[in-house]
Each structure stands twice: as C-alpha cells, then as structure tokens.
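See structure below.
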Amino acid sequence: MRRTMLFLPGNNPNMIMNGGLLGADSIIFDLEDAVAPDQKDAARILVKSALRSLDFGGCEIIIRMNALDTPYWEEDIEEMVPLGPSAIMPTKVSDGDYIRKLEQKITETEEKNGMDVGKIKLIPLLETAMGIEHAYDIAIASPRMEALYLGAEDLTADLRCERTKEGAEILYARGRLVCAARAAGIEAYDTPFTDVEDMEGLRRDARFAKGLGYTGKAVINPRHVEDVNCIFSPSDKEIRYAREVFGAIREAKRQGKGAISLRGKMIDAPIAQRAKLVLEAASELKGVNYFE
1 MRRTMLFLPG NNPNMIMNGG LLGADSIIFD LEDAVAPDQK DAARILVKSA LRSLDFGGCE
61 IIIRMNALDT PYWEEDIEEM VPLGPSAIMP TKVSDGDYIR KLEQKITETE EKNGMDVGKI
121 KLIPLLETAM GIEHAYDIAI ASPRMEALYL GAEDLTADLR CERTKEGAEI LYARGRLVCA
181 ARAAGIEAYD TPFTDVEDME GLRRDARFAK GLGYTGKAVI NPRHVEDVNC IFSPSDKEIR
241 YAREVFGAIR EAKRQGKGAI SLRGKMIDAP IAQRAKLVLE AASELKGVNY FE
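For what it's worth, the UniProt record's numbering labels the leading residue of the sequence shown as 1, then goes sequentially.
Structural data, given as structure tokens:
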C-alpha cells in the first residue's frame, strides 16, 4: 500500500543511504528540481550505484525524471530503466501525447535491455494548468498508468497565484485530479506539505486530502512520514465498523433478507464498497485477513 512517497535528492548520498530506514512506503529519487543542471550526470551515477548496492528495506522505488522539453530526459530513461524501478515519474506532463512519447522511449529501452515490456509503471506529475485540464486524457494514455500525482508548487506558479497553507488556490486542481484518476481506475496522490516545522498543519492538510479521496501523499521531509502514514491508514474505529458492515451483510444473506441494516441505518452498495476498501487496506498493512 502506497501511503507516503518520500522525495530524496538524487545528488545527496547521505539521504539516499538512509532512505530505506525512514518509514516511507515509496522512495522517489529526484533527478529533476532537486538537482542542478551541472549535477545531472553525477546524480544518475549516484542513484545507479545506490540501487545496485543498497537495501532499501522493501520500499517501492520511483524515479522522478526531467521533463521532455529538457536535454536530460532521454538519458534519464536510458540510465534508470535498466535498473528496474517500480515506476517512473514524468514531470510537467501536459497531455496524453506527452505520455505516449515517453512510453515509446521506455519500451525501446526495455527491449534493448531484454526486460519485460510494460513492467515499469508510470506516475505522472501534474503541475501545470494544461496538465490539470487534461488529467483524464493523461490518466488513460497508457496501460502503464499507476496513479496521478499533484504538484502544487509549480502549478500555483503557472496559475500566477500565491501558494498558501490553507490551499484554497489548489482546491479545484485537487478535485479535478482525483476525479480523473478514479474515473480511469487508478490511484491519486496529493502534493507535499512544504512547511517542515508545522506538524499540525501537515496533519490537517493530509486529513483534508484523504477526505477528498486521495490514496496517499508525497512528503519532502522524513519528519512527515509517520503522521502521513497514520492518517492514510485505516483507524481501529474504521476497521471495527467495516467488519460490522460485513458481518451484517453475511447475517442478512444467511437469513435470506434483501434489506440490510446496521445500528438502524441501511447498508447500501456505497457503504459496503467503502467497508471493503478499508478491510483490504487493513489486511495489506497488518498482514491479517480482516474479512474473516
């Protein structure tokens, strides 16, 4: 289950070395914004060496690549794809054609290296007005598509508005992205909360994103991992209620009843579906079958 995606600069050996100890579900090795132009080659070499020699404790590995309008992206693909990351995170994604062009290069690289074609997934970063408006087109552009990820910092610059902690300026984008992702049958991941010191603000922001339907949230500091993991994990209360829902459904079936109620409230298909998602997540995280 991917609740947290922790960004690590591709040119920072100390952070990379400790990446597997920081508690995140996924690690994003950043070859883009975190790396100056004159350090791109060094960052690729460092990430390659780390992935070949370090144990990241079962963390999912994602590579954030440079945008297609830069001179760096093709070498990113040629150097990183053979390492077999779980996913590539393309940046500044504007439309479905962007994804199709990138996918062709990934496929060529997989074939060249004798790899299984299609195994590496895509989690595109939507961080422009054009990308948000084409969110569904992007979401269905490739069978590799795993999720959409919102990038609010570049987006607000593109929108010419101030980025605030309250996030009113990105509410439309948050809703548009999660709706497009769910319509395409994939996951949605929220933008990082960038104030490292404001832990209550982080928790408030993460709870709000969860309420909108996001699966998880990216983080830029290890201090944020634990709280975000907690918020995007089913609580004991949610698990208990979901189990009660399934218990009521089983009992109604046993008695041959068509209408199902729990605590005086009718259990309809949406309630049953939410309960199913809670129990699936809890079972995956805790290694226990909560459906029994």
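All C-beta atoms, glycine included, are put in the ideal place defined by N, C-alpha and C.
Exercise. For the stretch 210-281, which segments carrying the beta strand (DSSP E) assignment without a break, of at least 3 residues, lie completely within its bounds, in sequence order?
Worked result: For the beta strand (DSSP E) assignment, the uninterrupted runs of no fewer than 3 residues enclosed by the stretch 210-281 are, from N- to C-terminal side, 216-219.
For this session: Report the partner residues of P9 according to the DSSP bridge assignment.
Result: Among the bridge pairs identified by DSSP, P9 is matched with D30.
Problem set entry | Collapsed DSSP secondary structure at I88 in the structure displayed | Strand, per DSSP.
Exercise. Can you round the beta-carbon distance between Y149 and M89 to whole angstroms, since I take them to be within the 8 Å contact cut?
Worked result: That belief holds up - the Cβ atoms of Y149 and M89 are roughly 7 Å apart, short of 8 Å.
Exercise. Is the distance from the Cβ of I132 to the Cβ of G84 below 9 Å?
Worked result: Between I132 and G84, the C-beta spacing is not below 9 Å.
Problem set entry | Test item: CB-CB of R3 and S233 under 9 Å | Going by C-beta atoms, R3 is nearer than 9 Å to S233.
Exercise. Near E146, which residues of its chain fall below 8 Å by C-beta distance, leaving aside the five closest residues on each side in sequence?
Worked result: Excluding sequence neighbours, E146 sits near A87, K121, L122, I123, I186, E187.
Problem set entry | For L126 and A135, believed in contact at Cβ under 8 Å, the rounded distance | Between A135 and L126, the beta carbon gap of about 6 Å places them in contact (Cβ cut-off 8 Å).
Exercise. In angstroms, rounded to a whole number, what distance separates the CA positions of H224 and I231?
Worked result: Looking at the two C-alpha atoms, the distance is approximately 11 Å.
Exercise. To which residues of the same chain is K48 closer than 7 Å at the C-beta, ignoring the five residues directly before and after it?
Worked result: Within the same chain, E79, L83 come within 7 Å of K48 by CB-CB distance, once the 5 residues on both sides are set aside.
Exercise. Under the rule that 16 or more other beta-carbon atoms within 10 Å means buried, what is S26, buried or exposed?
Worked result: It is buried - the Cβ of S26 has at least 16 other Cβ atoms within 10 Å.
Exercise. For M5, which residues of its own chain have a beta-carbon under 6 Å away from its beta-carbon, when the five flanking residues on both sides are left out?
Worked result: Hits under 6 Å: S26, I28, A218.
Problem set entry | K276 versus G57 - alpha carbon distance | K276 and G57 have their C-alpha atoms spaced approximately 28 Å apart.
For this session: Please determine, among M17, A139, L8, S94, the residue with the shortest C-alpha to C-alpha distance to R52.
Result: For R52, the nearest C-alpha among the options comes from M17.
Exercise. Does the count of Cβ pairs from the stretch 98-116 and the stretch 61-80 closer than 8 Å reach three?
Worked result: The answer is yes - the stretch 61-80 touches the stretch 98-116, with three or more Cβ pairs under 8 Å.
For this session: Taking only the alpha-carbon atoms, compute the straight-line gap between G23 and E226 and give it to the nearest angstrom.
Result: Annotation: G23 to E226 spans about 7 Å, alpha carbon to alpha carbon.
Exercise. Is DSSP giving I99 helix, strand or coil here?
Worked result: Helix at I99.
For this session: Can you tell me which of the three DSSP states R64 falls into?
Result: Three-state DSSP puts R64 in a strand.
For this session: Would you kindly work out how many angstroms separate the C-alpha atoms of N221 and L54, rounded to a whole number?
Result: One alpha carbon belongs to N221, the other to L54, and they sit about 21 Å apart.
Problem set entry | Endpoints, beta strand (DSSP E) assigned at Y149 | For Y149, the enclosing beta strand (DSSP E) has its first and last residue at 147-150.
Exercise. Smallest Cα separation from L202: which of Q255, A139, I267, N229?
Worked result: Nearest C-alpha to L202: N229.
Problem set entry | With 16 other Cβ atoms within 10 Å as the buried cut-off, status of S261 | With fewer than 16 Cβ atoms within 10 Å of its Cβ, S261 is classed as exposed.
Exercise. Looking at M130 and D95, is the spacing between their C-beta atoms short of 9 Å?
Worked result: Contact flag set, yes.
For this session: With E187 as the anchor, note down where its beta strand (DSSP E) starts and where it stops.
Result: 187-190 is the extent of the beta strand (DSSP E) around E187.
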